[in-house]
DNA sequence: CTACTTTGACAAGATCCTTGAATAAAACGG
DNA sequence: CCGTTTTATTCAAGGATCTTGTCAAAGTAG
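Protein chains in written order, with the working numbering: chain A, 1 to 381; chain B, 1001 to 1381.
See below:
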């Protein structure tokens, strides 16, 4: 219960925050609009905007070529100064690094990517991350120290302090205090989060889940992962292990069986893992192979069987299929939607992620923006 | 985003709310303590308390026989005036009604209960509810119109407007606008909610889940139901159908099979339903029957199998077994805890509900209190 | 009984907001 | 081209609230 109270300066901060929030939410605003929207008088709004202007959070938009000319004296128009700060979103994958630099308006200013072997020693990986952030920042004309926040997404169980409690994919990652390590290497505030949670964050921000507050995100690639958006907030769980469905006892998540069987039957010589088998089957299905279509369909229904155990208790609005296998598109969504329609009282919509491979980096940017906003606004929302 | 802003009176309300909240949270407080806790000056705290005193929200505690005498002048001590308002919590079960009247401090002032046949026509049931509320209020020396809020819990899918979208147990209940019907019969604000959600609310407030913000509540009686507490808030779901696990496709929730088989084997003549079989088996197990113990154990493990599909993605701190079958106690909890320990990365604690049959009425009281607090505090928390 | 400590009460000063009137800048119509 | 209309800006006066500081009151400790 964050309770606000105090002297008159609190009131000022309250009103200032309100106006800044309004400006963040729209393109341009006049003083009259701001005063009305914030519920304060004009002179108050004016004084606040003047302060924000002086502090660099707001800028005046001078150009005057607008079509919707009003009758009277033209109002000064203001907007949030997106370039008043920048953040970086980082995705540390098993074999790749990606850094995305955005301004506070969420506009992308630079993107860097580089491959990194899965067996890279931990110190080298950390250095590579720091270096790639430096390069991406430089692309955007910034020093790392100028970044308001750096959001980092990685696989594994990541606790609230940014420690990697457990990681199956990256060797040496388990037990790493990623937050501390990166903070030591970067002259900027670092925030670390699990990749699944960032994926669903990204979908909520700019993806398929805009406006949806209850979402189950299914990540399907080499492994199956899950991210949950509940009541508009990303769910962490009591031990930050939300979405870790690797150790399920029943067969619900060993869905790859169907496509692997298919792969084995068609090309016995070729040994394919789960993801490769799925991609192989999807390719053949698109080429018109009926058996492949059925295998993918069974794969989808098997995924749905696992999804149902979560969807029925949670009653989400939407199910999003993300990860590499989201490229299967309708081939995967259709059987999943079918299963949901059959077995749910209120079937959620099943859709594929539209964000693609940048999903987690985008979520990391959002994470960093959230952190930046905690600095931007003096009082909690 | 509930954004607060405005003139100086907002500041006053902010501070007033802060002080009232502090007083709700502790037994007695002096002005100095209040001022420090609320972060305002003494004179401000004094003025606010004076206003609250005048409005009847706060009372001065005059008795002066306290042991912990301080050195200086004795401070006046104030406390929240619990009797400044009262609420009722109502539980409409398949065959019973229960009404609990509490003051705003949560102290129980009256309880009424009465059986009501499951096939009672809807208008009669509604009248019986209204009448029992009237009686319980009278027991507490109150008229219904004096109740600040009435919380109502019932089975079925209950949407945000208090409509019973679907009910399997009560005939004619489906499609009923319970909120509207009861509002028409009661001269007090009514809030309606699903019984599972109230059960978990009650556990969070006064039961086993105090201080736990992520809880899976499993209701085991004639039917299996579920209530979810996520991030300290009760989860409703996009269609208010959270916890409706009746239509699960797999066998996870048909756990009664084990105890029913046992019952059939031991007393083939006696036809028992799921709950009866379970109670029968529990009774025999307590009497020392090894086969019964095993049947109950299998029952527990089967429940756990269903639980796991939810527990693994959600990563709760605690699993609570409620409903009539919670009387099985350790016989049920032990196999469930075993299964959780085996199959979870971070196994939650499994416990039985300690609230018993009053659980849902208590949750309804909490629901009503929440509503009352929205009236009590002028600004959202 | 006196010194000390803590609380209570009150006044002065500061901050912030609001209302209302006067002024400024643009569009419209003759 | 000029006055009227419309809307925005600026300024001053007034009110609500909070804070600091001072002094009186009511106890305890010795």
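Ideal placement from N, C-alpha and C gives every residue a C-beta, glycine not left out.
Keep in mind the model is a prediction, meaning the values are calculated, not measured.
Please confirm if residue i has its CB atom under 8 Å from at least one CB of chain A.
i	result
residue 1224 of chain B	no
residue 1247 of chain B	Here the model assigns residue 1247 of chain B a pLDDT of 49, short of 50, so the residue's position is not dependable and the matter cannot be decided.
residue 1194 of chain B	no
residue 1244 of chain B	yes
residue 1314 of chain B	yes
residue 1235 of chain B	yes
residue 1309 of chain B	yes
residue 1317 of chain B	yes
residue 1010 of chain B	yes
residue 1228 of chain B	yes
What residue from the options has the CA that sits closest to residue i's CA?
i	options	result
residue 204 of chain A	A:234, A:332, A:369, A:188	A:234
residue 179 of chain A	A:379, A:152, A:287, A:30	A:152
residue 1375 of chain B	B:1110, B:1189, B:1010	B:1189
residue 324 of chain A	A:199, A:127, A:126, A:19	A:199
residue 1124 of chain B	B:1338, B:1311, B:1170	B:1170
residue 1083 of chain B	B:1108, B:1063, B:1271, B:1071	B:1108
residue 1046 of chain B	B:1057, B:1034, B:1056, B:1055	B:1034
residue 191 of chain A	A:225, A:214, A:49, A:162	A:162
residue 81 of chain A	A:24, A:51, A:276	A:24
residue 1174 of chain B	B:1155, B:1186, B:1187, B:1183	B:1155
residue 1314 of chain B	B:1359, B:1379, B:1281, B:1230	B:1230
residue 193 of chain A	A:202, A:279, A:342	A:202
residue 1177 of chain B	B:1055, B:1157, B:1238	B:1157
residue 106 of chain A	A:27, A:278, A:259, A:262	A:27
residue 365 of chain A	A:38, A:181, A:17, A:197	A:197
residue 137 of chain A	A:61, A:238, A:126, A:111	A:111
I'd like the list of long-range same chain contacts for residue i, defined as Cβ closer than 7 Å, with 5 residues on each side in sequence excluded.
i	result
residue 303 of chain A	218, 220, 255, 336
residue 159 of chain A	165, 240
residue 1332 of chain B	1296, 1300, 1321, 1325
residue 311 of chain A	216, 319, 340, 344, 348
To which residues does DSSP link residue i through a beta bridge?
i	result
residue 1061 of chain B	B:1077
residue 349 of chain A	A:318
residue 1029 of chain B	B:1078
residue 1230 of chain B	B:1233
residue 396 of chain A	Absent from the model: residue 396 of chain A. The displayed extent of chain A is 1 to 381, so no value can be given.
Using a Cβ-Cβ distance cut-off of 8 Å, determine whether residue i contacts chain B.
i	result
residue 43 of chain A	no
residue 232 of chain A	no
residue 250 of chain A	Confidence at residue 250 of chain A is low in this model, with a pLDDT of 44, below 50, so its placement is unreliable and the value that follows should be read with caution. Chain B, which has a Cβ nearer than 8 Å to the Cβ of residue 250 of chain A, makes this yes.
residue 346 of chain A	yes
residue 126 of chain A	no
residue 378 of chain A	no
residue 239 of chain A	yes
residue 289 of chain A	no
residue 175 of chain A	no
residue 40 of chain A	yes
Within a Cβ cutoff of 8 Å, which residues of the same chain sit near residue i, ignoring the five residues on either side of it in sequence?
i	result
residue 247 of chain A	No answer about residue 247 of chain A holds up, because its pLDDT of 49 lies below 50 and its placement is not dependable.
residue 121 of chain A	172
residue 252 of chain A	Confidence is the limiting factor: at residue 252 of chain A the pLDDT is only 45, short of 50, which leaves the residue's position unreliable, though a coordinate-based value still follows. Cβ neighbours of residue 252 of chain A beyond the five flanking positions: 302, 305, 306, 309.
residue 118 of chain A	94, 95, 169, 170, 171
residue 1131 of chain B	none
residue 1245 of chain B	1224, 1225, 1226, 1253, 1306
residue 31 of chain A	42, 45, 46, 49, 75, 76, 78
residue 1020 of chain B	1052, 1057, 1058, 1080, 1376, 1377
Grab me the residues of residue i's own chain with a C-beta within less than 6 Å of its C-beta, minus the 5 sequence neighbours each way, in chain order.
i	result
residue 1098 of chain B	1091, 1113, 1361
residue 1349 of chain B	1318
residue 329 of chain A	352
residue 1250 of chain B	Any answer about residue 1250 of chain B is weak, because its pLDDT of 44 lies below 50 and its placement is not dependable; what the coordinates show is given next. Taken in chain order, the list of residues that qualify is empty.
residue 293 of chain A	285
residue 371 of chain A	149, 191
residue 183 of chain A	190
residue 1259 of chain B	1277, 1278, 1281, 1295, 1299
Contained alpha helix (DSSP H) runs [length at least 4] in the stretch 1065-1097 of chain B, N- to C-terminal order:
Runs of the alpha helix (DSSP H) inside the stretch 1065-1097 of chain B: none found.
Entirely enclosed alpha helix (DSSP H) segments - the stretch 90-139 of chain A, minimum 4 residues
As far as the stretch 90-139 of chain A is concerned, its whole alpha helix (DSSP H) runs of at least 4 residues are 122-139.
Beta strand (DSSP E) runs wholly inside the stretch 258-319 of chain A, at least 3 long, in chain order
Listed in chain order, nothing qualifies, since the stretch 258-319 of chain A has no complete beta strand (DSSP E) run of 3 or more residues.
Which ranges would you report for the beta strand (DSSP E) in the stretch 132-176 of chain A if only whole runs of at least 3 residues count?
Qualifying beta strand (DSSP E) stretches, in chain order: 147-154, 164-166.
Note down, one range per segment and in chain order, each alpha helix (DSSP H) of at least 4 residues found wholly within the stretch 1183-1219 of chain B.
Within the stretch 1183-1219 of chain B, the runs of alpha helix (DSSP H) at least 4 residues long that lie entirely inside it are, in chain order, 1195-1206.
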